[in-house]
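Structure record follows, encoded as structure tokens.
Structure below.
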């Protein structure tokens with residue numbers, strides 16, 4: 002219909018032009034345009050129909066596969082680019098219906114469910130099965146034993162009510178289930194480093210990886226399958242290693258403090274008498290001592306976060322003054338690397354509620370990364386602070402260096418994560434951004450990044466104005482608010498702080 006309508010209008014215009022105009026060249030151009038328009042409309046019509054009918058073709062192939070008496074293969078739904086979830090669900094419904102019809106009716110279907118439940122109970126992995134109400138309908142014996150649960154108080158309840166899980170990010174099992182039921186037909190997801198907190202003080206804490214599968218409106222009543230893979234020994238070794246490193250690093254604080262003190266004394270007492278080369282050596286020594294001090298603080302603070310012992314005291318602070326103080330502390334390091342830090346602050350900024358020492362570590366880490374990843378040619382680093390549309394104080398640190406690939410941005414704020422492309426070129430512990438996120442989140446703000454390879458990166462974080470915490474401040478006689486920089490997220494709202 003589209004092709005016919007297009008060509009009729011083209012022909013009408015062609016006849017009209019013949020009557021009105023008389024130019025043979027113009028008529029030739031119109032004729033050529035008409036032919037090209039016809040070919041183009043046919044091509045567009047064919048491609049559009051072929052693209053739009055792909056879901057129906059895959060579904061037709063699935064129906065033929067079920068109905069055919071000859072052996073064949075089912076369509077590979079992963080190759081479908083349009084309507085993949087919908088067609089996959091429809092095909093699954095067809096397969097399940099055909100299986101039920103071929104098995105001999107309701108009795109055989111019930112027997113198959115019983116058999117499946119028996120298989121689940123003897124699975125050699127911790128496994129739990131939920132229905133659409135998130136209630137546990139089946140569980141493997143190993144799952145009950147691994148999570149130290151009582152089977153009598155398990156079935157018919159939600160997993161969150163009987164098991165206390167902690168996740169390393171806000172992407173928790175509870176949030177994933179809610180997203181699936183609101184937006185998905187089928188889905189799979191995996192979580193690493195999940196903690197299982199025991200209900201009794203004597204029971205050991207366990208750590209595992211979790212893999213979950215979702216299938217909406219499954220005829221068997223099974224919508225969620227959750228499998229756990231024990232990684233307690235592996236992840237405990239990591240944490241013990243971090244604790245050992247933190248203990249060793251703690252012993253560096255005293256000699257490091259003495260070193261920085263001696264450097265300051267030498268600069269004050271001997272600075273004017275030294276040659277330019279020696280003065281340059283002193284500046285580099287001071288910058289290196291400052292960098293090492295930041296590394297030590299990062300290690301110790303991450304260890305405190307893991308043990309839920311990093312406590313912040315939020316009080317009213319002048320943000321312009323706090324920001325300039327942090328930038329001044331990093332200016333020497335920037336100068337050693339031939340970098341210039343430019344700061345722009347929106348006028349009349351409100352005061353903020355921050356823990357001054359902790360928020361300065363956030364700024365120092367972001368500036369240190371900007372200096373490190375700017376490269377040798379780029380000299381400028383821009384710090385900008387403004388009041389955003391949500392009424393939050395937003396501060397950004399922008400560099401024009403190597404940038405970050407899109408594929409790794411989502412992992413930047415994970416503990417120990419480092420981009421494999423730049424790991425050999427730039428040193429670091431992989432803890433700075435993890436610490437920044439934990440501190441900013443404890444302040445009630447958010448941290449984000451935008452970047453493009455070879456063009457640089459911009460890290461931004463937000464803080465609450467002091468006035469927004471007026472009600473909370475009224476409950477504190479000393480005008481301070483105590484918060485914990487908890488690195489682990491409780492899975493259920495009943496457990497969250």
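Residue numbers (our numbering): 2 to 498. Cβ coordinates follow ideal geometry from the N, Cα and C atoms, glycine included. Note that the structure is predicted; figures quoted are calculated from it, not measured.
Which partner residues of residue i appear in the DSSP bridge assignment?
| i | result |
| --- | --- |
| residue 229 | 211 |
| residue 190 | 213 |
| residue 345 | 385 |
| residue 196 | 167 and 208 |
| residue 500 | Any answer about residue 500 is impossible in this case: the structure gives the chain only from 2 up to 498. |
| residue 137 | 131 |
Restricting to Cα atoms, I'd like to know which of the options is closest to residue i.
| i | options | result |
| --- | --- | --- |
| residue 374 | 352, 455 and 437 | 455 |
| residue 286 | 301, 269, 270 and 261 | 261 |
| residue 75 | 81, 83, 63 and 468 | 63 |
| residue 205 | 146, 187 and 322 | 146 |
| residue 338 | 371, 313, 137 and 41 | 371 |
| residue 43 | 6, 14, 468 and 56 | 6 |
| residue 136 | 234, 156, 236 and 127 | 156 |
| residue 36 | 401, 11 and 54 | 11 |
| residue 98 | 125, 402, 218 and 180 | 218 |
| residue 380 | 336, 411, 326 and 80 | 336 |
| residue 392 | 148, 470 and 404 | 470 |
| residue 211 | 222, 220 and 196 | 196 |
| residue 213 | 201, 237 and 188 | 188 |
| residue 183 | 216, 162 and 94 | 216 |
| residue 401 | 377, 169, 232 and 412 | 377 |
| residue 259 | 293, 186 and 234 | 293 |
Buried or exposed: residue i, going by 16 or more other Cβ atoms within 10 Å of its Cβ?
| i | result |
| --- | --- |
| residue 358 | exposed |
| residue 49 | exposed |
| residue 167 | buried |
| residue 209 | buried |
| residue 390 | exposed |
| residue 291 | buried |
| residue 254 | exposed |
| residue 399 | buried |
| residue 207 | buried |
| residue 444 | buried |
| residue 82 | exposed |
| residue 273 | exposed |
| residue 311 | buried |
| residue 72 | The pLDDT assigned to residue 72 is 48, lower than 50, so where the model puts this residue is not dependable, and the model offers no usable value. |
| residue 442 | buried |
| residue 14 | exposed |
| residue 331 | buried |
| residue 304 | buried |
| residue 369 | buried |
| residue 150 | buried |
| residue 362 | buried |
| residue 9 | exposed |
| residue 2 | exposed |
CB-CB under 7 Å to residue i, same chain, minus the five flanking residues each way: which ones, in chain order?
| i | result |
| --- | --- |
| residue 347 | 386, 387 and 388 |
| residue 78 | 59, 85, 88, 89 and 92 |
| residue 129 | 137, 140, 144, 160 and 227 |
Would you give the residue range spanned by the alpha helix (DSSP H) that residue i belongs to?
| i | result |
| --- | --- |
| residue 448 | Here residue 448 belongs to no alpha helix (DSSP H); instead the beta strand (DSSP E) covers 448-453. |
| residue 1 | No answer is possible for residue 1: it lies beyond the span of the chain, which begins at 2 and ends at 498. |
| residue 163 | 160-163 |
| residue 61 | 55-68 |
| residue 181 | 174-184 |
| residue 83 | No alpha helix (DSSP H) holds residue 83; DSSP gives it neither H nor E. |
| residue 365 | 357-374 |
| residue 255 | 254-271 |
| residue 202 | Note, residue 202: premise wrong, no alpha helix (DSSP H); not H, not E. |
| residue 142 | 142-147 |
| residue 438 | 433-443 |
What residue does the beta strand (DSSP E) around residue i start on, and which one ends it?
| i | result |
| --- | --- |
| residue 217 | Per DSSP, residue 217 belongs to no beta strand (DSSP E) and is neither H nor E. |
| residue 408 | That residue, residue 408, is in no beta strand (DSSP E); its alpha helix (DSSP H) goes 407-410. |
| residue 462 | 457-464 |
| residue 131 | 128-131 |
| residue 399 | 394-399 |
Taking 6 Å as the limit between beta carbons, can you name the residues of its chain near residue i, skipping five residues before and five after?
| i | result |
| --- | --- |
| residue 351 | 466 |
| residue 268 | 283 |
| residue 133 | 224 |
| residue 56 | 83, 84 and 88 |
| residue 522 | Coverage of the chain is limited to positions 2 through 498, which leaves residue 522 absent and any answer about it impossible. |
| residue 202 | none |
Leaving out the 5 sequence neighbours to the left and right, which residues in its chain are closer than 8 Å to residue i when beta-carbon positions are compared?
| i | result |
| --- | --- |
| residue 324 | 344, 346, 364, 384, 386 and 396 |
| residue 126 | 141, 143, 144, 228, 229 and 230 |
| residue 265 | 287 |
| residue 317 | 352, 353, 354, 467 and 480 |
| residue 333 | 284, 287, 288 and 291 |
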